[in-house]
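Novice: Can you keep this structure in mind? I'll have questions shortly.
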Amino acid sequence: MRAALDSAGSLALKISLAVVALALIVSIVMGTILTRSILSLSTTVKRFADKDFSARSPVLSKDEIGQLGKSFNNMAEQIQIHNEQLEDLVRQRTRELTDEKQTSERLLLNVLPGPIAERLKTGENLIVDRFDAVSVLFADIVGFTTLSARTSPEALVTMLNEVFSSFDLLAEQHGLEKIKTIGDAYMAVAGVPQPIADHATAITHMALDMIDSIEDYARRHGQALTIRIGIHTGSVVAGVIGTKKFIYDLWGDTVNTASRMESHGQPGRVHVSEATHQLLAEDFDFEKRTPIEVKGKGAMQTYFVVGRKRAPRRASATSLAG
0 MRAALDSAGS LALKISLAVV ALALIVSIVM GTILTRSILS LSTTVKRFAD
50 KDFSARSPVL SKDEIGQLGK SFNNMAEQIQ IHNEQLEDLV RQRTRELTDE
100 KQTSERLLLN VLPGPIAERL KTGENLIVDR FDAVSVLFAD IVGFTTLSAR
150 TSPEALVTML NEVFSSFDLL AEQHGLEKIK TIGDAYMAVA GVPQPIADHA
200 TAITHMALDM IDSIEDYARR HGQALTIRIG IHTGSVVAGV IGTKKFIYDL
250 WGDTVNTASR MESHGQPGRV HVSEATHQLL AEDFDFEKRT PIEVKGKGAM
300 QTYFVVGRKR APRRASATSL AG
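Position one of the sequence shown corresponds to residue 0 (numbering that gives the first Met the number 0), numbered consecutively onward.
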């Protein structure tokens, strides 16, 4: 009997030890799984904190740690979606701002010479410069008042746009600067805002090309259209006026005298002052005029340009688009 009891006690002890060992093994395994899950979740959270919004935690169990990982993944998914939407919005706004900036710069360049626009963009508030050697051109459509009285506003504006657009292209080709148009008058300058050595030559070539363009326009449209052109050489002051609506303009006696050369000229001809003529003898042929009386100047010796002795160095003779 006692032997049976000893045997039963020994078996119970073994079973108890086995249960304890099994419990210990299960505890170790579960602890390892739990530790691995916590470390995995911790690593994922750290990646997410470092702005890796694609980071997700592997769900290794269905317990509380697994549920926590699942909840984190759901949160991370929503944050990633919102972040991508925000990035798309930022890219869109950036494109819009870039487009607006480019539009503003194009508009500014339509109003101001490139170097002057750059000075404004750098914060220069007062822009005024003196140029000692420039040539100023004025052109005026002959009989414009009569023409405007018998032409519709739409046709008149269309004509001016075509004519002046061609002049703008000629100014660009000859390296000159258009200053402005006033009604049917067109004003340009050579040597501003960048000084050039052959300013008188360049602007006279442009003047002859302008007359060719007008004659071509008149032939194609069956319309009697001519211009007078006057040029004078000297010094000017140039600067920007206005704070919201900018204008780049010229001032000085040279400007006034160039205007007088135009008004005292003849249709279809380029009329230049003595100061301009002195710089052009090697490049053009002239017709000397009888001295004329000019308001504020007295008697002046002036000349008509009758032709070129040599071709211009820049592109020339652009016809008006049909």
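C-beta atoms are modelled at their ideal positions from N, C-alpha and C, and glycine is treated no differently.
Can you tell me where the beta strand (DSSP E) with S134 in it begins and where it stops?
Specialist: Where S134 is concerned, the enclosing beta strand (DSSP E) stretches over 127–140.
Novice: Three or more beta-carbon pairs under 8 Å between the region 245–259 and the region 149–156, yes or no?
Specialist: Touching, no, given that fewer than three Cβ pairs across the two stretches are closer than 8 Å.
Novice: So, helix, strand or coil for E123, using DSSP?
Specialist: E123: coil per DSSP, three-state reduction.
Novice: Please classify M74 as buried or exposed, where buried requires at least 16 neighbouring CB atoms within 10 angstroms.
Specialist: Burial call: exposed.
Novice: Quick test of the definition: if touching needs 3 or more C-beta pairs under 8 Å, does the region 229–249 touch the region 262–273?
Specialist: Cβ pair count under 8 Å is three or more, so yes.
Novice: Tell me whether V239 is buried or exposed, calling it buried when 16 or more other Cβ atoms sit within 10 Å of its Cβ.
Specialist: So V239 counts as buried.
Novice: Distance check for V305 and R268, CA to CA, integer angstroms please.
Specialist: Those two C-alpha atoms are separated by around 8 Å.
Novice: To the nearest angstrom, how far is it from the Cα of L111 to the Cα of V162?
Specialist: L111 and V162: Cα-Cα distance of roughly 20 Å.
Novice: According to DSSP, T93 sits in a beta bridge with which residue or residues?
Specialist: The partner list for T93 (beta bridge, DSSP) is empty, contrary to what the question assumes.
Novice: For P290, which residues from the same chain have a beta carbon less than 7 Å from its beta carbon, with the 5 sequence-adjacent residues on both sides left out?
Specialist: Excluding residues within five positions, the ones whose Cβ falls inside 7 Å are A298, M299, Q300.
Novice: Using a Cβ-Cβ cutoff of less than 6 Å, which residues in the same chain neighbour L278 once the five nearest sequence positions on both sides are dropped?
Specialist: Cβ within range, chain order: A199.
Novice: Which whole runs of the beta strand (DSSP E) in the region 221–284 are 3 residues long or more, in chain order?
Specialist: Within the region 221–284, the complete beta strand (DSSP E) runs of at least 3 residues are 226–240, 246–250, 269–272.
Novice: Going along the chain, which residues of its own chain have a beta-carbon closer than 8 Å to the beta-carbon of R218, five neighbours each way excluded?
Specialist: If we look at R218 and ignore the five residues flanking it on each side, it has no Cβ neighbours.
Novice: Tell me which residues share the same chain as D139 and place their Cβ nearer than 7 Å to its Cβ, disregarding the 5 neighbours each side in the sequence.
Specialist: If we look at D139 and ignore the five residues flanking it on each side, its Cβ neighbours are D183, A184, I226, R227, E261.
Novice: Below 7 Å between beta carbons: does that hold for F137 and S258?
Specialist: Going by C-beta atoms, F137 is nearer than 7 Å to S258.
Novice: One question on the structure: do Y302 and H276 come within less than 7 Å of each other, judged by their Cβ atoms?
Specialist: Yes. Within cutoff.
Novice: With distances taken between CB atoms, is the gap from V271 to A237 smaller than 7 Å?
Specialist: The answer is no: Cβ separation not under 7 Å.
Novice: Mind reading off the beta-carbon distance from V133 to V188? Whole number of angstroms is fine, and I expect it under 8 Å.
Specialist: The Cβ separation is near 6 Å, so the contact holds.
Novice: Whose C-beta lies closer than 7 Å to the C-beta of S318 among residues of the same chain, with five residues either side of it excluded?
Specialist: Only weak support is given to the placement of S318: the predicted model assigns it a pLDDT of 40, under 50, and the value that follows is read from those uncertain coordinates. The answer, listed in chain order, is S212, D215.
Novice: Report all residues from its chain with a CB closer than 7 Å to the CB of R309; omit the five preceding and five following residues, and keep chain order.
Specialist: For R309, where only same-chain residues beyond five positions count, the Cβ hits under 7 Å are D282.
Novice: Would you mind stating whether M205 and H173 have Cβ atoms separated by less than 7 Å?
Specialist: For M205 and H173, yes; Cβs fall inside 7 Å.
Novice: I'd like to know whether the C-beta atoms of S234 and D87 end up nearer to each other than 7 Å.
Specialist: No. Outside cutoff.
Novice: Taking 7 Å as the cut-off, decide whether the C-beta atoms of M186 and I178 are in contact.
Specialist: It is a contact, given that the beta carbons lie within the stated cut-off.
Novice: Compare the Cα-Cα distances from S70 to each of R149, E83, V44 and report the closest residue.
Specialist: The shortest Cα separation from S70 among R149, E83, V44 belongs to V44.
Novice: My guess is that L207 and V135 are in contact by the Cβ rule of under 8 Å, so how many angstroms apart are they, rounded?
Specialist: With a Cβ gap of about 16 Å, L207 and V135 do not count as contacting.
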